Structure formats: structure tokens, C-alpha cells
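Q: Residue numbers (numbering that gives the first Met the number 0), protein chains in the order written: chain A, 0 to 152; chain B, 0 to 152; chain C, 0 to 152; chain D, 0 to 152. Have a look at this one before I ask anything.
4 protein chains.
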Amino acid sequence: MDRQLPTSETTNLMGWFEGRVHHYNIHVFYEDTDFSGIVYHANYLKYFERGRSSFLNLIGVEHAELWDDHNMAFIIRKMEIDYKRAAKVDDRLTIKTYYNRVKGARLFISQDCYRGDELIVSAQCEAACINKDGRPIRASGFLMEKLDGFLES
Amino acid sequence: MDRQLPTSETTNLMGWFEGRVHHYNIHVFYEDTDFSGIVYHANYLKYFERGRSSFLNLIGVEHAELWDDHNMAFIIRKMEIDYKRAAKVDDRLTIKTYYNRVKGARLFISQDCYRGDELIVSAQCEAACINKDGRPIRASGFLMEKLDGFLES
Amino acid sequence: MDRQLPTSETTNLMGWFEGRVHHYNIHVFYEDTDFSGIVYHANYLKYFERGRSSFLNLIGVEHAELWDDHNMAFIIRKMEIDYKRAAKVDDRLTIKTYYNRVKGARLFISQDCYRGDELIVSAQCEAACINKDGRPIRASGFLMEKLDGFLES
Amino acid sequence: MDRQLPTSETTNLMGWFEGRVHHYNIHVFYEDTDFSGIVYHANYLKYFERGRSSFLNLIGVEHAELWDDHNMAFIIRKMEIDYKRAAKVDDRLTIKTYYNRVKGARLFISQDCYRGDELIVSAQCEAACINKDGRPIRASGFLMEKLDGFLES
Chain A
0 MDRQLPTSET
10 TNLMGWFEGR
20 VHHYNIHVFY
30 EDTDFSGIVY
40 HANYLKYFER
50 GRSSFLNLIG
60 VEHAELWDDH
70 NMAFIIRKME
80 IDYKRAAKVD
90 DRLTIKTYYN
100 RVKGARLFIS
110 QDCYRGDELI
120 VSAQCEAACI
130 NKDGRPIRAS
140 GFLMEKLDGF
150 LES
Chain B
0 MDRQLPTSET
10 TNLMGWFEGR
20 VHHYNIHVFY
30 EDTDFSGIVY
40 HANYLKYFER
50 GRSSFLNLIG
60 VEHAELWDDH
70 NMAFIIRKME
80 IDYKRAAKVD
90 DRLTIKTYYN
100 RVKGARLFIS
110 QDCYRGDELI
120 VSAQCEAACI
130 NKDGRPIRAS
140 GFLMEKLDGF
150 LES
Chain C
0 MDRQLPTSET
10 TNLMGWFEGR
20 VHHYNIHVFY
30 EDTDFSGIVY
40 HANYLKYFER
50 GRSSFLNLIG
60 VEHAELWDDH
70 NMAFIIRKME
80 IDYKRAAKVD
90 DRLTIKTYYN
100 RVKGARLFIS
110 QDCYRGDELI
120 VSAQCEAACI
130 NKDGRPIRAS
140 GFLMEKLDGF
150 LES
Chain D
0 MDRQLPTSET
10 TNLMGWFEGR
20 VHHYNIHVFY
30 EDTDFSGIVY
40 HANYLKYFER
50 GRSSFLNLIG
60 VEHAELWDDH
70 NMAFIIRKME
80 IDYKRAAKVD
90 DRLTIKTYYN
100 RVKGARLFIS
110 QDCYRGDELI
120 VSAQCEAACI
130 NKDGRPIRAS
140 GFLMEKLDGF
150 LES
């Protein structure tokens, strides 16, 4: 992990790392809320996916490249989501993403959504690598190499 | 147009025709609203697409079949949307869809969203047929045959 | 449960009951899919919410009425989602919803998404009643009365 | 306009100004695409709204504050959208937003979505200020003061 990666000082669209934990900022827009005044529960899954994808983007993995060059995409197999507090329009949230383990085709990922120090939502996610036919495939060497140093030790 | 099509008496998931006008019912759910209490403006474009797709489904055109067998999908080229009133959660809306003209790759479609007799949103839509590479292609004979009798005379 | 409720013969926008199990049909539209060709995982949470809301609509509970007259809305506290298969554009899916138990402010609900006989996604959901200030409140007598006969015995 | 505003060097979640033109970066995620491989057309309306809201956030206007303190929200009255090219997953887009004119309750806004130098989608938007009852209200002095120097001269 001696690569040169953006830090919080140069935060950009792809977020930043603190150690192995990826951070990604989210601003809550009109589109994210519902009539009860808070963020609609399904939208946190979009936030978490932005976190997981930005993590990958930042270590040099792009979905378009995986799809075109490696015949690979991700699907979600399981999600456990724990909604602890509600977020509102114009809130600034941070998604923290931990890629913990890879086992065959499966990736185990933990994610938290914070507003400042308050934990808003936490999630456990099991993803899997699939090919264009939708069949599970072992995580490619390309991906494993990129994830090196970020997984749980 | 002597085909046997569902009528309002047997309304199903695909809506129904009254003359050449397709009708499709929408129920407004949590997901459709925003914190200001009304349907989020972008979601009417989803409603209109459900209307256009259901129109096609009902005359025997399926997107999956177009894609797999005819190497064809639709893109939107232009939309003009006029928001006249606001809809709220649990409202029952009806999308009325008119496929007016087909010219080369382009389809010209008018759509209205009603709540009972009240016009909520109206839209003019220009769609185009594309192939899997994203290039515009002439509407296929298959599609034109299905649309026969529904276009503006 | 001697009320007169729609059956599968008169299926409408609100779905129908078979015993205590609510059924709600979903058509997969463009909006629901992503570039990998399948339904985007977060959208199943919208499908499940349509199932839960339609269940309530069908037994005479409307969100707008709960909000305006009973100062009450629902939030999601926990979701466990198990993605077993992938659905594609133009698939016809059925959401089966079981309101199992109510305990204070909390509702425990099981849901399955089927394509024909194939189980696509299943979910365990814990919802809670809140007031307009976002505080948990005991499920109202109004709601409990409506749910009578549908809960797990 | 002698206020100290973020520049492109310190780009953050709220975007930045170049003259009176607001710039906001968007990364295209899974959630934004559909099975035809490109960004789903309705999602550009979300992008444009992020641009309009971030413009306001950056000049010190927050929706939550408008709602709570000024009894005011925005609705969209008209949109004209011209889709010129297609965007794909992992594309980096920039939304350029021009607040052109305010006339009574109505705001006239132009927006473009670029990928590098390529114009992807352009839009003309007419928004209106409403109160919590949904009635149009004159743009408040608070808002007009903030917009000073950014409108078309």
C-alpha cells in the first residue's frame, strides 16, 4: 500500500482512504427524501453502492473496464441494514466502507453511514463477481491485486 | 385493429386501450414523493416510461425480445414536460399515451398524467430506435406492424 | 376477516389476498434495471415497499390519512435481504407480503419476490410507527383493528 | 459578488463557480444506468436538480432552512430536455447551471451536462417558489439577495 492515494486534503469525487477505510461524502438532495421528511430507506443502498464503487475507482478499478475487458460485474447476494437514525435534506453524510474478505466469487463488505459522529445506518453486504451471463466467477487476479492491503488482516 | 385486447373491464398490469389511447394506472408510493410532500418531478418521467412500455407490451412488443432478437432498444431524444398540479402519496393517477408518428428512427409520443379529471402533468416525447452500439436505426418492420392502427391518422 | 376483499379474479392496483398473504404484481421497467442487464438491487426495496403499502391500502389504511388524521408514518428499522436470482426487464414479478407481528411501535414483516415459481429475493423487515416529529409511537388502535386477522396466529 | 467562494482548486461537495456559472461534478454509478447500458433518461433530471441545489447551497441557501424558517420550497413548472449523447457507468460528468431570471414566483434556469467537452444533455427549467400549502409565492428577499450578481444581466 505504498501507492500515492488522495487524502482528505485532496478529497475528490472518489472519496479518500484513512488506513484501509474508504470515506465518501454524500449530500442529501430532494430526490433522496420522501414525504415523511427523511431519506427514503432504499436510497441508503444507493449511497452504500456509491461507497463501494468509489472505493474501487480510487484503487484503479472501473466497472466499465471490468465489464469490457474482464467480462465481469458485481451482484449483491445479501444485505443486512440497520437503520438507527434518520437523515434529512441538505444533510452531509459520510459513507465508510471496509472490504473485509474475498472468498471465491464472494466479497464481504461492511459499511456505515455517518452524519458527523452520529451513526445513521450500518450495513453488512455480501457481493459476488459474475460474468456477462450472470454466472458467479472467482474474483479475478486483477481485482485481488488491487485489493491487496485493503482487506482485513 | 381487430385484435382482441384487454378492456377497462379486465385492466391488468399492462393497462388498456380506449381507441388508440393507452391508459395505465399508477399508485403513488413513498418512493415517489419528496420531503415537500409531493411527487418528485423526475419521477413523472418514470411514470411516462411505464406508460410507453406498457403500451408496447400490450400490443405484443417486449423490450427483452427487441433487444435479444431485433438488436434494438429505445432512447429518449427530447422531452417537454409541463407540470400543472402536484400529486401526493396514495394518489391514483392514470397515464394516457398516444403514439402519434414514426419517422425513420424517431417516434413522436404525447402523454398526459391525470388524477381523475384533473390534468397533473403533460409531456411531449421524442424517442429513437437504437441498436446495441447506440446508433439510431430505422424502426423495424416488426415494430411498425405492431403499431399499425395506433398512430395518428 | 369476513370483509369483502378483492380476489385474484379482480386483481387491481392494490393486489389481492390469498388467506393472510398479500400478493402484488410488478412489471420490470427500464427504470428498474442497470447496465449489467438485471434489476438494480436497491429497487427490490421499492418493490417490497409497494407490497407493504398495497397490503395496507387494501385493508383500508392510507398513508395520507395516517399522516393527516393520525399523525403517523412508518420508518424502516431493519432489513435483511437475500438475493437468490436476478430479474430482467419485462419480467412479471409477484411480491408476497406477510404482516407477522406488532409489538409496541414495531411491525415484523416477511416478504418474498417471485417470478412464477422461482423465488428471486426474500426479505425480513422490521418497521416502526413514528409521529411527525420522527418519534416512535405505539401502533394506533385504528391500525391494529385493520390488521386484525392478518397477523401470525 | 466579492464573497469568498470555493474555486475549482478547492472543489468540494457543493461544486464551484466560474463567473456566474455553477459547476458540479457527477460520477455515473450503477444506479444511474439501465439495461441498455446507458444512463436512464430520467436520472439526468436528478443530476440537474443536484446542480440547482448545489448552486443554492454554495451561495448560502439551504432547502431545510428555506422550509423551516421561510416556509418555502421549490417546485418544477416546466422542463425542456434535449438528449444529445449517452453517458455510461463510471463516466465523469459536469453539470453547468445558470440561474438566469426571477419573475415573481418563477425562476428561469439553464443547465448543461458535459462529459469533458462533449455536451451530453441540455435543459431549460422553469421552477417556482411555493409555500408549505403548495401555493406559489414571490421569491423571498432572502433568496433574491443571495442570487444577486448571479442572474443574467
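For each residue, glycine too, the CB sits at the ideal point set by N, CA and C. The structure displayed is predicted, hence computed values, not measured ones.
Any beta carbon of chain B sitting closer than 9 Å to that of Ile25(A)?
A: No, Ile25(A) lies away from the interface with chain B (no Cβ there is under 9 Å from its Cβ).
Q: Taking only beta-carbon atoms, is Met13(A) less than 9 Å away from chain D?
A: yes
Q: Using only the alpha-carbon positions, how far apart do Gly103(B) and Asp90(C) sit?
A: 29 Å
Q: Under the DSSP definition of a beta bridge, which residues are partnered with Phe81(C)?
A: In the sequence as presented, Phe is not what sits at residue 81(C); that position holds Asp. DSSP lists Lys77(A), Ser121(C) as the beta-bridge partner residues of Asp81(C).
Q: Which residue comes first and which comes last in the beta strand (DSSP E) that contains Lys95(B)?
A: 91-102
Q: Please work out which residues of its chain come closer than 7 Å, Cβ to Cβ, to Val120(B), disregarding the five sequence neighbours upstream and downstream, and give them in chain order.
A: Tyr43, Ile80, Asp81, Tyr82, Lys83, Cys112
Q: Anyone know if the C-beta pair for Val88(A) and His62(D) falls short of 9 Å?
A: yes
Q: Under the three-state reduction of DSSP, which class applies to Gly14(B): helix, strand or coil?
A: Reduced to three states, the DSSP call for Gly14(B) is strand.
Q: Judging by CA-CA distance, which residue of Gly148(B), Arg19(B), Glu125(B), Leu92(B) is the nearest neighbour of Glu117(B)?
A: Nearest Cα to Glu117(B) within the set Gly148(B), Arg19(B), Glu125(B), Leu92(B): Leu92(B).
Q: What span of residues does the alpha helix (DSSP H) with Asp111(D) cover, start to end?
A: Per DSSP, Asp111(D) belongs to no alpha helix (DSSP H); it is in the beta strand (DSSP E), 105-114.
Q: Please list the terminal residues of the continuous alpha helix (DSSP H) segment that includes Tyr43(D).
A: 42-57
Q: Distance, Cα to Cα, Tyr29(D) vs Ile25(C)?
A: 21 Å
Q: Under 9 Å, Cβ to Cβ, is there at least one residue of chain B near Phe141(D)?
A: no
Q: Which residues bound the alpha helix (DSSP H) around Ile150(A)?
A: Here residue 150(A) turns out to be Leu, not Ile, going by the sequence shown. Per DSSP, Leu150(A) belongs to no alpha helix (DSSP H) and is neither H nor E.
Q: Please report how far the alpha carbon of Glu151(A) lies from the alpha carbon of Cys128(A), in whole angstroms.
A: 19 Å
Q: Does chain A have any CB closer than 9 Å to the CB of Gly148(C)?
A: Answer no: the Cβ-Cβ gap between Gly148(C) and chain A never drops below 9 Å.
Q: Taking the alpha carbon of Gly115(D) as the point to measure from, which residue in Ser35(D), Ile94(D), Lys145(D), Phe47(D) has its own alpha carbon closest?
A: Ile94(D)
Q: Counting only beta-carbon separations shorter than 9 Å, does Asp81(A) have a partner in chain D?
A: no
Q: Just to confirm, are Ala126(C) and Phe73(C) a CB contact at a threshold of 9 Å?
A: Yes, Cβ-Cβ distance for Ala126(C) and Phe73(C) is below 9 Å.
Q: Ignore the nearest five residues each way along the sequence and tell me which others in His69(C)'s own chain have a CB closer than 7 Å to its CB.
A: For His69(C), where only same-chain residues beyond five positions count, the Cβ hits under 7 Å are Ser139, Phe141.
Q: Strictly by DSSP, which residues pair up with Val20(A)?
A: As computed with DSSP, Val20(A) is found in a beta bridge with Glu17(A).
Q: Who are the neighbours of Ala86(A) on chain B, taking C-beta pairs under 7 Å?
A: None at all; the shortest Cβ gap to chain B is about 11 Å.
Q: Quick one: using the 10 Å Cβ neighbour count with 16 as the cut-off for buried, is Asp147(D) buried or exposed?
A: exposed
Q: Shortest alpha-carbon distance to Ala122(B) belongs to which of Lys145(B), Phe107(B), Phe149(B), Met71(B)?
A: Phe107(B)
Q: Over what stretch of residues does the alpha helix (DSSP H) that includes Glu30(A) continue unbroken?
A: Here Glu30(A) belongs to no alpha helix (DSSP H), and DSSP marks it neither H nor E.
Q: With H, G and I counted as helix, E and B as strand and the rest as coil, what does DSSP make of Ala72(B)?
A: strand
Q: Within 10 Å of its beta-carbon, does Glu17(C) have 16 or more other beta-carbons around it, so buried, or fewer, so exposed?
A: exposed
Q: With DSSP run on the structure shown, which of helix, strand or coil describes Ala127(C)?
A: strand
Q: Report back the beta-carbon spacing between Tyr98(B) and Phe47(B) to the nearest angstrom; my notes put them in contact at under 8 Å.
A: With 8 Å as the limit, Tyr98(B) and Phe47(B) do not qualify as a contact, their Cβ atoms being about 12 Å apart.
Q: Quick one: does Leu44(C) have its CB under 9 Å from some CB of chain A?
A: yes
Q: Tell me the rounded alpha-carbon separation between Cys124(B) and Met78(B).
A: 5 Å
Q: With Ala41(C) and Lys45(A) assumed to form a contact (beta carbons below 8 Å), what rounded beta-carbon distance in angstroms separates them?
A: 5 Å
Q: Would you say Ser53(C) lies against chain B (beta-carbon separation less than 9 Å)?
A: yes
Q: Rounding to the nearest angstrom, what Cα-Cα distance links Val20(D) and Met143(A) in this structure?
A: Approximately 42 Å, taken between the alpha carbons.
Q: Who does Val38(A) pair with in a DSSP beta bridge?
A: Thr32(A)
Q: Arg91(B) CB to nearest chain C CB: under 9 Å?
A: Chain C, which has a Cβ nearer than 9 Å to the Cβ of Arg91(B), makes this yes.
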